[in-house]
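Read the structure below first, then the notes.
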Amino acid sequence: MTTPTPYDILIVGYGPAGITAAIYAARKRLTVALIGDLPGGEVRNSGDIENWPGDQHTDGNTLADKLIAHLGDHKDLVTIMQDKVLTITQESPTPSNSPSGKGRKLFITTTEGGKTYTSKTVIYTAGRHPRMLNVPGEAEYKNLGITYCATCDAPLFSGMDVAVVGGGNTGAEAVIMLQKIAKKIYVLQDSDRLIADPVLIANFDKDPNVTIITNTKTTKIAGETMVKSLTYQDVKTGAEHTVAVGGIFVAIGAIPNTGPVKDLVKLDRMGAIEADRYGATNVPGFFAAGDVTNIRDAQIVVAAGQGCSAALSAGDYLSRQQ
1 MTTPTPYDIL
11 IVGYGPAGIT
21 AAIYAARKRL
31 TVALIGDLPG
41 GEVRNSGDIE
51 NWPGDQHTDG
61 NTLADKLIAH
71 LGDHKDLVTI
81 MQDKVLTITQ
91 ESPTPSNSPS
101 GKGRKLFITT
111 TEGGKTYTSK
121 TVIYTAGRHP
131 RMLNVPGEAE
141 YKNLGITYCA
151 TCDAPLFSGM
161 DVAVVGGGNT
171 GAEAVIMLQK
181 IAKKIYVLQD
191 SDRLIADPVL
201 IANFDKDPNV
211 TIITNTKTTK
221 IAGETMVKSL
231 TYQDVKTGAE
241 HTVAVGGIFV
251 AIGAIPNTGP
261 VKDLVKLDRM
271 GAIEADRYGA
281 TNVPGFFAAG
291 DVTNIRDAQI
301 VVAAGQGCSA
311 ALSAGDYLSR
321 QQ
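Under full-length UniProt numbering, the residues of the sequence shown are numbered 1 to 322, in order.
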């Protein structure tokens, strides 16, 4: 099924960046299609949030629900499709009598649900997905003791010994959640120190139930019906060690979800979309915002701000095409 009339803007992504972009676009009286498979986006995987202006204390699910409710005020102009985008391409320039404008290329978006949408512009805010360890046993025990979301799954490991692989902010936040739940926590980091914000590390670096192990490389995960152990190598000595754990929380970063557009827009060496401060890319009419871009700081408030900029830029682009 193909939509007969092109939307002014098609937004890919249902998180803070995409929702903010949709709100700003609707306020400009532009027609918007928003496609995403997770209402609220990855923010739902966040625990306590204390740096969202105006809410001193909130959490991922609450913030996501508020964003969606705000977007609901613009349902006359924003059409939401809970679906997954497969491809985004451009057709040939349209003739001068086309409703899309003289010489403009429309964007063609196909989805997993078998739909095809046309739009004059795109704002791509598809975010990132967790990076895997790619070690023996990981695929076998995924969801059988291995998880990539502490917010989602930490309560399942009450009273158990667990490992957190990754010493950045995501890993540190996982440790903080698990302090109230797990019996013992091993924190494994590949460098000689944790790289999380000091304010986060201060919550657990003196906790006797938290063991921080640096200069490690995870080499194997083993178990029976569920995870039983994790083996790591000391990268300085080469010696291997095994810890008995019932749960493993992988927090080693994320990969931009750029598959549908990898042949359309320019990506950096990490696979993120190269976008300027206005959200513009190397493709006229194609804008990007949030964690899918070459953003330095992956923060909710930054993603929302980028979504705003991208929507304003798309609006300016459309007005110049009249």
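No residue lacks a Cβ here, since even glycine has one placed at the ideal position from N, Cα and C.
Computed from a predicted structure; not experimentally measured.
Closest to residue i by C-alpha separation, out of the options, would be which residue?
i, options, result
"SER231", "THR225, GLY223, GLU224 and GLU240", "For the sequence presented, residue 231 should be read as Thr rather than Ser. Taking only the C-alpha atoms, the option nearest THR231 is GLU240."
"TYR117", "GLU140, ARG128, GLY127 and GLU91", "GLU91"
"GLY159", "GLN189, LEU30 and ILE181", "ILE181"
"THR121", "LEU30, PHE107, HIS57 and PRO130", "PHE107"
"VAL35", "PRO284, ALA275 and VAL78", "Looking at the sequence shown, residue 35 is not Val but Ile. Considering only alpha carbons, the answer is VAL78."
"MET81", "THR109, ASP55 and ARG104", "THR109"
"PRO208", "LYS220, LYS184 and ALA222", "LYS184"
"LYS217", "CYS152, ALA272 and GLY166", "GLY166"
"ASN51", "SER313, ASP8 and GLN299", "GLN299"
"THR225", "ARG296, GLY246 and VAL210", "GLY246"
"HIS70", "ARG27, THR111 and PHE204", "ARG27"
"ALA176", "THR211, ASP192 and SER191", "Note that residue 176 corresponds to Ile in the displayed sequence, not to Ala. With distances taken between Cα atoms, ILE176 lies closest to THR211."
Quick one: what does DSSP say residue i is sitting in, helix, strand or coil?
i, result
"ILE184", "A small fix is needed here, since residue 184 is Lys in this sequence, not Ile. It is a strand residue."
"LYS66", "helix"
"HIS74", "helix"
"GLN233", "strand"
"GLN82", "strand"
"PHE107", "strand"
"GLN189", "coil"
"GLU42", "helix"
"ASN97", "Any reading at ASN97 must be qualified, since the residue scores a pLDDT of 47, below 50, and its modelled position is unreliable; no value is offered."
"GLY145", "coil"
"VAL261", "helix"
"ASN61", "helix"
"GLN56", "coil"
"ASP291", "helix"
"GLU240", "strand"
"LEU10", "strand"
"residue 340", "Residue numbering for the chain in the displayed model covers 1 to 322; residue 340 lies beyond these limits and cannot be assessed."
"THR225", "coil"
"ALA251", "coil"
"ASP268", "coil"
"ILE176", "helix"
By Cβ distance, which residues of its chain are closer than 7 Å to residue i, with the 5 residues on each side in sequence left out?
i, result
"ASN169", "ALA196, ASP197 and LEU200"
"ALA17", "THR125, ALA289, GLY290, ALA303, ALA304, GLN306 and GLY307"
"LEU267", "THR258, ILE273 and GLU274"
"TYR255", "A small correction: the amino acid at residue 255 is Ile; Tyr does not occupy that position in the sequence shown. Closer than 7 Å at Cβ, skipping near neighbours: ARG128, HIS129, ARG131 and GLY271."
"VAL292", "TYR124, THR125, ALA126, GLY127, ARG128, PRO256, ASN257, THR258, ALA272 and ILE273"
"ASP153", "THR147"
"ASN97", "Its pLDDT being 47, under 50, ASN97 is placed unreliably in this model, and the value from its coordinates should be taken loosely. So the list is empty, once near-sequence residues are dropped."
"GLU42", "GLY15 and GLY127"
"VAL227", "TYR141, LEU144, GLY145, ILE146, ILE221, VAL245, GLY246, GLY247 and ILE248"
"TYR278", "SER309 and SER313"
I need the boundaries of the beta strand (DSSP E) containing residue i, first residue and last residue.
i, result
"ILE255", "254-256"
"ALA33", "32-36"
"ARG128", "128-130"
"SER119", "116-124"
"THR5", "It is not in any beta strand (DSSP E) - THR5 carries neither H nor E in the DSSP assignment."
To which residues of the same chain is residue i closer than 6 Å at the C-beta, ignoring the five residues directly before and after it?
i, result
"ALA174", "ALA150, VAL164, PHE249 and ALA251"
"ALA311", "ALA21, TYR24 and ALA25"
"ASN61", "ARG44"
"GLY113", "ASP83"
"THR242", "SER229 and THR231"
"GLN189", "GLY167 and THR214"
Between which residues of its own chain and residue i is the CB-CB distance below 8 Å, once the five residues before and five after are set aside?
i, result
"ASP316", "none"
"LEU264", "ILE88, THR89, GLN90, VAL283 and PHE286"
"ASP59", "SER46, GLY47, ASP48 and ILE49"
"LEU86", "THR110, THR111, GLU112 and PRO260"
Quick one: does the C-beta of residue i sit closer than 7 Å to a heavy atom of the ligand ATP?
i, result
"ILE19", "This structure does not include the ligand ATP; it has no bound ligands of any sort."
What residue range is occupied by the uninterrupted alpha helix (DSSP H) comprising residue i?
i, result
"THR20", "16-27"
"VAL199", "198-201"
"ILE300", "300-320"
Any 3 or more C-beta pairs closer than 8 Å across the region 19-38 and the region 66-77: Contact between the region 19-38 and the region 66-77 is present, because at least three Cβ pairs lie under 8 Å.
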